[in-house]
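**Student:** Handing you this structure, nothing more for now.
Numbering (the numbering used here), first residue to last: 3 to 256.
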């Protein structure tokens with residue numbers, strides 16, 4: 003912003019213009035948070051969305067002021083649409099779930115998660131190669147920093163659009179009880195129950211235990227008779243109120 007402000011403004015006008023931009027940003031962020039709350043989007047997903055948007059704006063600007071006039075026009079229109087969306091959300095009737103569509107989405111999600119992660123946990127580099135081949139959108143640095151496990155020795159992540167739904171896929175290498183691991187994880191803004199039940203019907207698992215801290219439920223499953231690893235696990239994390247957001251990770255233990 004400072005690079006693109008008029009150069010001949012006096013100190014008072016420059017300060018006023020800075021304050022106007024900051025107020026505009028603050029109002030926009032507050033309304034984004036409100037919309038996220040209406041959609042039951044978790045704080046982690048909000049941060050990822052914000053990071054992705056920031057990255058795309060920076061890329062569009064290309065580090066110069068030349069694109070600023072068109073960007074102002076574009077994001078002014080998007081800002082206007084944001085306020086229209088707020089008004090519409092306040093008036094909209096309760097959402098009615100189409101049972102046929104819900105089943106199709108759950109079938110599609112379970113198939114995507116299994117085909118992406120399940121068999122490849124003996125060597126997650128295969129998932130990275132597939133991501134490049136399919137031209138998945140690589141996550142920006144800030145989003146990677148948020149999702150990256152603390153003790154990992156390798157991490158990559160992507161945003162994937164599949165059958166009208168968006169997934170966040172990541173792979174990492176770390177340790178579990180002192181043993182090296184290969185992990186593939188998928189985050190989705192969908193209800194966990196129907197999808198996980200389809201996954202556990204499609205592959206052999208054994209429930210090991212679960213933990214409910216009041217806000218989030220974490221479930222651990224042992225992978226039985228996995229085709230490429232002798233020891234493996236599936237970890238599911240979901241909100242205790244069963245909102246439409248969950249994470250499932252497959253871990254190959256060496």
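For glycine and all other residues, C-beta sits at the position ideal for the given N, C-alpha and C.
A quick note: this is a predicted structure, and the numbers were derived from the prediction, not measured.
#1: Write down every uninterrupted run of the alpha helix (DSSP H) in the segment 134-218 whose length is 4 residues or greater and which is fully enclosed by it, in chain order.
#2: In the DSSP assignment, what residue or residues form a beta bridge with residue 273?
#3: Given a threshold of 16 other Cβ atoms within 10 Å of its Cβ, counted over all protein chains shown, does residue 21 qualify as buried or as exposed?
#4: Can you grab the Cα-Cα spacing for the pair residue 157 / residue 212, in whole Å?
#5: Whose CA, out of 105, 23, 17, 117, lies closest to the CA of residue 204?
#6: Do residue 233 and residue 124 have their C-beta atoms within less than 8 Å of each other?
#7: Mind checking which residues open and close the alpha helix (DSSP H) that includes residue 115?
#8: Give every residue of the same chain whose Cβ lies closer than 8 Å to the Cβ of residue 235, excluding the five residues on either side of it in the sequence, and list them in chain order.
#9: By DSSP's criteria, residue 241 is part of a beta bridge. Which residues make up the other side?
#10: Look at the alpha carbon of residue 240 and the alpha carbon of residue 246, and state the distance between them as a whole number of angstroms.
#11: Is it right to say residue 136 is buried, meaning 16 or more other beta carbons lie within 10 angstroms of its own, or is it exposed?
#12: For residue 249, write down the residues that DSSP places opposite it in a beta bridge.
#13: Check whether the Cβ atoms of residue 184 and residue 126 sit closer than 8 Å, and answer yes or no.
#14: Using the three-state DSSP reduction, which class does residue 255 fall into: helix, strand or coil?
#15: Sorted by chain position, which residues of the same chain lie with C-beta nearer than 8 Å to residue 110's C-beta, five sequence neighbours on each side aside?
#16: Between 181, 238, 154, 10, which has its C-alpha nearest residue 214's C-alpha?
#17: So, with DSSP's three-state summary, where would you put residue 19?
#18: Does residue 127 come out as helix, strand or coil in the three-state DSSP assignment?
#19: Taking the alpha-carbon positions, what's the residue 131 to residue 142 distance?
#20: Alpha carbons only, please: which of 104, 120, 100 is nearest the one belonging to residue 317?
#21: With a Cβ-Cβ cutoff of 8 Å, do residue 250 and residue 188 count as a contact?
**Tutor:** Here's the rundown:
#1: 143-149, 194-204
#2: Look at the range of the chain in this structure, 3 to 256, and you will see that residue 273 is not part of it.
#3: exposed
#4: 26 Å
#5: 117
#6: no
#7: 101-115
#8: 178, 210, 222, 223, 224, 225, 252, 253, 255
#9: 218
#10: 9 Å
#11: exposed
#12: 189, 239
#13: yes
#14: strand
#15: 164, 165, 167
#16: 238
#17: helix
#18: helix
#19: 18 Å
#20: As displayed, the chain neither begins before 3 nor continues past 256, which places residue 317 out of reach and without an answer.
#21: yes
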